[in-house]
Amino acid sequence: MKGGSIFVRGRLLPLFVWIFGLLLVWEGTSWMLLHVVETPLAQSKLPYVHEVLSTLWKYSGTLLKEGAATFGNAGVGFLIGAVAGASLAVLMSLSKTIERLTFPYAIASQMIPILGLAPIIYGIVRDEQTSRIIISGYITFFPVALNMLRGLRSVDPSALELMYSYAAKPWAVYWKLRFPAALPGLFGGLKIAAPLAVTGAILVELMGAQHGIGVIMLRNLYYGSSHTYMFWSTVIVGALLGIVSYWLISLIERLVAPWQPEFRPKGGSR
477 MKGGSIFVRG RLLPLFVWIF GLLLVWEGTS WMLLHVVETP LAQSKLPYVH
527 EVLSTLWKYS GTLLKEGAAT FGNAGVGFLI GAVAGASLAV LMSLSKTIER
577 LTFPYAIASQ MIPILGLAPI IYGIVRDEQT SRIIISGYIT FFPVALNMLR
627 GLRSVDPSAL ELMYSYAAKP WAVYWKLRFP AALPGLFGGL KIAAPLAVTG
677 AILVELMGAQ HGIGVIMLRN LYYGSSHTYM FWSTVIVGAL LGIVSYWLIS
727 LIERLVAPWQ PEFRPKGGSR
């Protein structure tokens with residue numbers, strides 16, 4: 477019980493205080509814009525929190541369905557991009573020649589803005605699901621490859637020398653030494669890429685898709701004040717999808733690599 481109360485005070489309580497304070501400031505500012513400043517279309521600029529939450533509850537089924545379409549396609553692209561990035565990192569760690577041949581092109585590929593690439597991909601493919609998967613995979617590929625390559629090369633040289641002194645095979649060096657050392661870097665790249673993959677999927681949906689949270693967002697953006705609360709609801713759902721993706725990767729990291737210092741109990745207790 478004591479440990480649980482410490483956790484609540486140390487983690488959850490500050491979070492709830494910040495959320496409550498933010499919502500209170502939001503509601504007060506919205507009221508001031510509408511009744512004190514009398515700003516035209518005040519609710520379009522900053523709507524009441526309770527109205528947005530009411531819309532979220534009222535249309536929760538639709539928002540959940542469309543959000544699942546976005547999250548599902550982003551997840552597929554994320555997995556493909558993660559596998560491709562991790563595979564390239566392993567190949568580059570094995571061969572300097574492969575690194576010299578591929579890494580500059582991987583960096584150059586990131587110079588293309590997603591805002592310009594998304595309509596190009598959608599115009600070529602003409603399929604919303606495939607386009608979302610491609611963009612999500614494209615966004616995921618580079619941070620995973622870069623961070624995992626750094627992790628693979630972060631092994632202590634003395635540990636490598638010990639493995640070589642035992643005449644360890646290359647696969648044994650990777651399996652027992654390099655891969656465990658690369659896990660923090662790998663998950664660091666995954667946590668960067670996961671919310672961006674969701675954002676990329678939503679961006680594709682703004683190009684003219686039929687399903688997804690971005691579709692509802694676009695439809696309610698240009699239809700006047702009566703659709704303001706629905707638009708803000710889609711923005712919140714999109715943000716929640718990004719947060720959920722980050723938390724999901726963090727949970728997997730805690731399960732796969734619990735030996736990391738940030739996951740150890742404080743004070744050496746269990």
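The sequence shown runs 477 to 746 under our numbering. Every residue, glycine too, gets a C-beta built ideally from N, C-alpha and C.
Distance cut-off 8 Å: residue i Cβ against heavy atoms of the ligand ADP
{"i": "leucine 636", "result": "Of the ligands one can find in the structure shown there are none, so the ligand ADP has no counterpart to examine."}
Collapsed DSSP secondary structure at residue i in the structure displayed
{"i": "proline 703", "result": "Note that residue 703 corresponds to histidine in the displayed sequence, not to proline. DSSP places histidine 703 in helix when its eight states are reduced to three."}
{"i": "tyrosine 524", "result": "coil"}
{"i": "alanine 773", "result": "Here the chain covers residues 477 to 746 and nothing more, so residue 773 does not appear."}
{"i": "tyrosine 722", "result": "helix"}
{"i": "lysine 667", "result": "helix"}
{"i": "leucine 488", "result": "helix"}
{"i": "arginine 695", "result": "helix"}
{"i": "serine 630", "result": "coil"}
{"i": "glutamate 681", "result": "helix"}
{"i": "isoleucine 687", "result": "Position check: residue 687 holds histidine in this sequence, whereas isoleucine was assumed. Here histidine 687 sits in coil by DSSP."}
{"i": "tryptophan 502", "result": "helix"}
{"i": "proline 734", "result": "coil"}
{"i": "isoleucine 728", "result": "helix"}
{"i": "alanine 658", "result": "helix"}
C-alpha gap between residue i and residue j, whole angstroms
{"i": "leucine 555", "j": "alanine 518", "result": "42 Å"}
{"i": "glycine 548", "j": "tryptophan 651", "result": "31 Å"}
{"i": "proline 490", "j": "leucine 724", "result": "22 Å"}
{"i": "tyrosine 722", "j": "leucine 659", "result": "16 Å"}
{"i": "glutamate 637", "j": "alanine 733", "result": "24 Å"}
{"i": "valine 528", "j": "glutamate 681", "result": "22 Å"}
{"i": "alanine 677", "j": "glycine 537", "result": "20 Å"}
{"i": "leucine 653", "j": "isoleucine 610", "result": "33 Å"}
{"i": "valine 711", "j": "leucine 591", "result": "18 Å"}
{"i": "leucine 509", "j": "leucine 499", "result": "15 Å"}
{"i": "proline 516", "j": "tyrosine 524", "result": "15 Å"}
{"i": "alanine 594", "j": "glutamate 604", "result": "11 Å"}
Decide yes or no for the touch test of the segment 723–739 against the segment 666–678: beta carbon pairs closer than 8 Å, at least 3 of them.
-> With a cut-off of 8 Å, the segment 666–678 and the segment 723–739 count as touching, because enough Cβ pairs lie within range.
Meets three-Cβ-pair contact criterion under 8 Å: the segment 579–590 and the segment 635–645 = In this structure the segment 579–590 does not touch the segment 635–645; the number of beta carbon pairs closer than 8 Å is below three.
Residue ranges of each alpha helix (DSSP H) within the segment 570–627, 4 or longer = Counting only runs of 4 or more residues that sit fully inside the segment 570–627, the alpha helix (DSSP H) segments are 572–585, 590–601, in chain order.
Does the pairing of the segment 557–564 with the segment 695–715 give three or more beta-carbon distances under 8 Å?
-> Put simply, the segment 557–564 does not touch the segment 695–715. Fewer than three CB pairs are less than 8 Å apart.
With a floor of 4 residues, list each alpha helix (DSSP H) that falls wholly inside the segment 509–563, ordered by position along the chain.
-> List check, alpha helix (DSSP H) in window: 518–521, 525–534.
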